[in-house]
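What follows is a single structure, written as structure tokens, with notes after it.
Protein chains: 2
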Amino acid sequence: MLNRVRSAVAHLVSSGGAPPSRPKSPDLPNATSAPPAAPPQAPRSPPARAGSGGATPARTVEARASFSRPTFLQLSPGGLRRADDHAGRAVQSPPDTGRRLPWSTGYAEVINAGKSRHNEDQACCEVVYVEGRRSVSGAPREPSRGQGLCFYYWGLFDGHAGGGAAEMASRLLHRHIREQLKDLVEILQDPLPPPLCLPSTPGAPGSSDSSQLVGPQSCWSSQKEVTHESLVVGAIENAFQLMDEQMARERRGHQVEGGCCALVVVYLLGKVYVANAGDSRAIIVRNGEIIPMSREFTPETERQRLQLLGFLKPELLGGEFTHLEFPRRVQPKELGQRMLYRDQNMTGWAYKKIELEDLRFPLVCGEGKKARVMATIGVTRGLGDHNLRVCSSTLPIKPFLSCFPEVRVYDLTQYEHCPDDVLVLGTDGLWDVTSDCEVAATVDRVLSAYEPNDPSRYTALAQALVLGARGTPRDRGWRLPNNKLGSGDDISVFVIPLGGPGSYS
Amino acid sequence: MLNRVRSAVAHLVSSGGAPPSRPKSPDLPNATSAPPAAPPQAPRSPPARAGSGGATPARTVEARASFSRPTFLQLSPGGLRRADDHAGRAVQSPPDTGRRLPWSTGYAEVINAGKSRHNEDQACCEVVYVEGRRSVSGAPREPSRGQGLCFYYWGLFDGHAGGGAAEMASRLLHRHIREQLKDLVEILQDPLPPPLCLPSTPGAPGSSDSSQLVGPQSCWSSQKEVTHESLVVGAIENAFQLMDEQMARERRGHQVEGGCCALVVVYLLGKVYVANAGDSRAIIVRNGEIIPMSREFTPETERQRLQLLGFLKPELLGGEFTHLEFPRRVQPKELGQRMLYRDQNMTGWAYKKIELEDLRFPLVCGEGKKARVMATIGVTRGLGDHNLRVCSSTLPIKPFLSCFPEVRVYDLTQYEHCPDDVLVLGTDGLWDVTSDCEVAATVDRVLSAYEPNDPSRYTALAQALVLGARGTPRDRGWRLPNNKLGSGDDISVFVIPLGGPGSYS
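Just so you know, the protein sequences line up as chains A and B, in that order.
For the first sequence, position 143 (counting from the first letter as 1) is numbered 148 according to our numbering, and the numbering increases by one without interruption.
For the second sequence, position 210 (counting from the first letter as 1) is numbered 215 according to our numbering, and the numbering increases by one without interruption.
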């Protein structure tokens with residue numbers, strides 16, 4: 006997320022107090038954790054011992070209290086210092102000797118803490134157990150039906166304008182998802198379609214008799230069928246919103262600075278749900294074929310949504326911005342001339358006569374990595390950013406940002422996967438310098454060098470992808486083999502085997 | 006467009022006065038017609054003689070003054086009566102003997118006037134000459150540079166809640182496009198990129214010196230490149246808007262009743278622009294492969310746009326509707342229970358506790374062909390509908406409808422087309438009962454039965470497609486070969502050969 010929020014917002018970044026020493030509660034499959042509404046709020050620090058998920062964090066990096074890396078990396082104090090060393094740009098992965106990540110997941114990262122001190126990527130990989138909240142059908146739950154659900158969870162969080170949001174999301178978003186799924190535990194395991202209406206109190210009868218429908222409207226003559234899958238999608242969407250609302254509530258007390266992109270994968274009951282809010286990206290590489298599993302949300306891809314909002318709610322522009330887009334800044338001397346523009350309804354361009362209010366700064370400007378909303382932020386979806394304001398102004402930017410992910414679903418049971426079929430998640434540090442095809446080529450190259458049943462092959466692949474995006478130090482900076490500049494941003498990669506060594510259950 | 010606007014709006018349909026006898030001005034390549042701002046407004050009636058594009062319309066169907074068919078059909082009074090006969094459901098095409106449609110285009114239609122008296126499909130096929138408005142570069146235009154542009158134009162207009170909008174659009178939309186292109190005649194023929202800024206008065210120098218840019222913002226360090234293609238897209242988009250505004254201005258004086266979907270194709274300088282607003286559809290069939298060239302805009306496909314508008318502008322819901330979607334109508338006795346819902350940010354479903362305002366009618370309801378906005382209309386983009394109101398209410402629906410098309414571009418020069426490669430345009434009467442694959446199969450079957458240089462093969466194909474969607478009369482209605490019901494709606498089809506008999510220029 007380097008350079009995606011302009012330096013103008015640096016003053017928003019609090020240096021933070023000393024972190025409380027309360028440890029991060031682990032989400033183990035057999036534990037029912039506290040709801041996320043009252044979360045433990047310690048920044049993650051590395052545990053003193055490898056493999057101790059719930060250990061009291063060691064205060065090894067006093068000078069950078071806000072700097073933390075995922076617990077599953079099991080970093081020693083020396084490893085944490087290496088991660089924090091911008092000159093070395095070490096690639097870090099979970100140790101081969103420790104507890105493996107669930108599902109033999111591969112992970113690697115390079116964190117450029119020296120350059121983007123408060124914007125580190127964060128990551129999370131968990132198996133989460135969901136206990137049903139109660140019997141939603143109203144009847145007292147029988148012990149045999151009281152089985153909960155397990156989901157596998159992977160998350161990448163690319164922070165900007167402060168590390169707090171990414172750190173908090175990596176710690177809590179999966180708990181919000183769990184909370185949303187609690188009501189659905191029985192429904193999702195019932196082969197019948199989900200009930201449209203649930204009784205308000207246990208024991209009261211549900212009302213799903215469509216013969217009682219009123220109204221003459223033929224558009225209501227039938228009821229929509231809602232799938233189990235769409236309930237999971239709705240649960241993930243609402244979890245993102247609740248996570249964002251929690252950040253808003255707690256931003257003062259707990260230094261939830263900045264915001265973050267969030268790319269999350271949930272595996273539940275045979276299906277993979279990929280939820281993306283921001284400019285990270287996920288692809289499946291299956292038998293060499295590339296299947297995009299997300300799209301990026303930037304000022305360019307969401308231009309029309311942003312412009313429409315500015316058009317419908319001009320008060321959000323504060324008299325400082327225009328919702329129209331121009332190919333470059335309009336100059337006062339051009340008043341009365343005709344310039345190319347696009348409004349919220351257009352994908353093409355046309356000429357319009359420049360009027361006084363066209364001299365305002367455009368809501369959306371720039372191209373590619375330099376595209377910005379309100380000249381400030383380069384991503385348009387994600388979590389946090391509640392304090393983000395336009396440079397030298399009090400105008401809030403948050404109304405233009407969406408916390409809602411796009412969720413794509415991949416049915417793992419519809420295809421016979423081989424050990425070389427993988428889902429690759431990466432932050433923009435990877436994708437800025439690596440194409441989908443280059444990733445697919447690396448998948449082929451690395452995995453074919455390992456035995457299919459060697460569980461370390463996915464970590465090796467993640468490392469190769471991170472290395473390939475970082476490059477190697479040469480005379481003039483970090484360079485890729487083609488001599489182009491490597492990514493100077495944080496780079497985080499998950500490699501999730503889709504037909505891997507059989508450790509799915 | 007049958008059944009796409011509920012009968013509740015029937016009272017809006019004026020029976021109309023006697024039409025003025027002013028003829029429709031033809032748009033011939035060598036003629037510069039009057040601008041659309043002051044249009045001839047006669048409903049199209051069939052000319053008395055075949056081939057006479059500009060003849061004074063014969064008043065052959067006094068009892069149905071609003072009933073008209075495209076001039077290019079060259080219908081005799083008897084042919085017009087056949088078109089108006091619902092029992093016979095004659096398939097009509099331009100006569101083999103008359104002037105062929107430009108580009109050997111095939112066309113066929115079946116109009117169910119007896120069933121949908123005021124909602125007829127309309128069609129237009131023209132070659133339009135665009136004379137430059139003036140030298141946009143500021144210099145007096147030299148004669149050699151004053152060459153205008155020609156574009157080929159096809160339009161299908163599927164009317165609802167009155168025939169006026171479709172009739173007016175078929176008569177005028179291409180003129181609005183011509184007006185929009187007039188400023189671009191020189192720019193589009195200049196190999197240089199379009200100037201970002203034009204002088205306000207001829208002779209004044211343009212200002213496109215990016216070194217004069219002010220402001221420290223790096224998102225403005227460069228200027229966007231705007232392509233010629235995107236100027237044509239912008240021209241088409243703005244033409245749709247101006248057409249819609251003209252309908253709003255003239256709806257009282259000239260009985261522009263109802264609204265219409267519009268599917269328009271422009272061929273200009275080697276590229277095919279397909280602009281769609283509504284639920285008509287265009288596909289290219291190329292070497293057997295199907296390339297979708299449009300998508301449908303319905304309450305289902307535009308649900309989130311509609312809900313967002315209702316959420317941001319609740320006054321548009323008039324206290325009668327809720328922007329939330331439910332899988333069926335909520336009943337008062339369900340207050341306090343939990344029901345599935347979706348808001349504007351969600352693609353999945355979740356449960357919410359039913360509150361009093363959830364008992365309002367949902368802004369979007371129903372599925373498939375029964376989906377409706379405000380329980381009234383089944384398409385969400387198109388032209389007209391300025392008078393459309395919710396049944397037994399004064400609440401206007403137009404704010405939720407968009408007149409903007411989605412424009413897709415196909416570069417004809419990028420592929421060597423054979424005579425069997427075609428662009429097929431159809432109203433929903435075709436697509437409701439015919440899949441893309443079935444259309445492709447019919448393309449193959451019909452065209453292979455004709456010589457490649459037989460120009461009548463495309464009309465034969467259009468007829469086969471219309472017949473295949475209409476079916477044949479049997480015991481219980483019009484049936485398809487598979488015994489399913491044929492389409493009871495108007496069916497209109499253009500077949501545009503992409504590599505046809507060389508009549509492109």
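Virtual Cβ for every residue (Gly too), placed ideally from N, Cα, C.
- Residue 356(A) holds the alpha-carbon nearest to the alpha-carbon of residue 342(A) among 382(A), 356(A), 349(A).
- Under the three-pair Cβ rule at 8 Å, the stretch 376–384 of chain A does not count as touching the stretch 316–327 of chain B.
- Proximity of residue 306(A) to chain B, defined by a Cβ-Cβ separation below 8 Å, is not satisfied.
- When only Cα atoms are considered, residue 83(A) and residue 186(A) end up about 39 Å apart.
- Distance check between residue 375(A) and each of 303(A), 389(A), 87(A) places 303(A) closest, using alpha-carbon atoms only.
- Annotated three-state conformation of residue 92(B) is coil, per DSSP.
- Flagged as an interface residue toward chain A: residue 351(B), by a C-beta distance shorter than 8 Å.
- With respect to the C-alpha of residue 114(A), the residue from 264(A), 293(A), 177(A), 466(A) having the closest C-alpha is 466(A).
- Contact between residue 353(B) and residue 412(A) holds: CB atoms are separated by about 7 Å, below the 8 Å threshold.
- Assignment of residue 358(B) by DSSP, reduced to helix, strand and coil, places it in the strand class.
- Residue pairing from DSSP places residue 165(B) in a beta bridge opposite 264(B).
- Just measuring C-alpha positions, the residue of 361(B), 116(B), 436(B), 460(B) sitting nearest residue 297(B) is 436(B).
- Per DSSP, residue 252(B) is one residue of the alpha helix (DSSP H) stretching across 233–255.
- Only exposed fits residue 93(B), as fewer than 16 other CB atoms lie within 10 angstroms of its CB.
- Interface annotation, residue 356(A): in contact with chain B, CB-CB separation under 8 Å.
- Here the alpha carbon of residue 476(A) sits roughly 15 Å from the alpha carbon of residue 97(A).
- For residue 464(B), the enclosing alpha helix (DSSP H) has its first and last residue at 462–475.
- Residue-level contact by beta carbon holds for residue 339(A) and chain B, with a gap shorter than 8 Å.
- For residue 366(B), the beta-bridge partners assigned by DSSP are 326(B).
- Rounded to whole angstroms, the separation of the alpha carbons of residue 152(A) and residue 423(A) is 31 Å.
- At a cut-off of 8 Å between beta-carbon atoms, residue 227(A) makes contact with chain B.
- When only Cα atoms are considered, residue 242(A) and residue 181(A) end up about 10 Å apart.
- Note that the C-beta distance between residue 244(A) and residue 388(A) is not below 8 Å.
- What residue 242(B) touches in chain A, judged by beta-carbon distance under 8 Å, is 350, 351, 352, 353, 355, going in chain order.
- When C-beta atoms of the stretch 263–273 of chain B are compared with those of the stretch 363–372 of chain B, fewer than three pairs fall below 8 Å, so the two segments do not count as touching.
- In the structure shown, the three-state DSSP call for residue 374(B) is helix.
- DSSP places residue 408(B) in no alpha helix (DSSP H); its state is neither H nor E.
- Listed along the chain, the chain A residues whose CB falls inside 8 Å of the CB of residue 188(B) are 356.
- Within chain A, the residues whose beta carbon sits less than 8 Å from that of residue 409(B) are 350, 351, listed in sequence order.
- One Cα belongs to residue 192(A), the other to residue 310(B), and the distance between them is close to 30 Å.
- For the stretch 264–288 of chain A, the set of residues with a beta-carbon nearer than 8 Å to any beta-carbon of chain B is empty.
- Taking 8 Å as the cut-off, the beta carbon of residue 106(B) is found no closer than this to the beta carbon of residue 273(B).
- For a cut-off of 8 Å, the C-beta gap from residue 172(A) to residue 73(A) is around 6 Å, short enough to register as a contact.
- Between the stretch 122–135 of chain B and the stretch 158–167 of chain B, the count of C-beta pairs closer than 8 Å reaches three or more; the two stretches touch.
- The DSSP-derived three-state label of residue 174(B) is helix.
- Contact of residue 130(A) with chain B is not assigned, every C-beta pair being separated by 8 Å or more.
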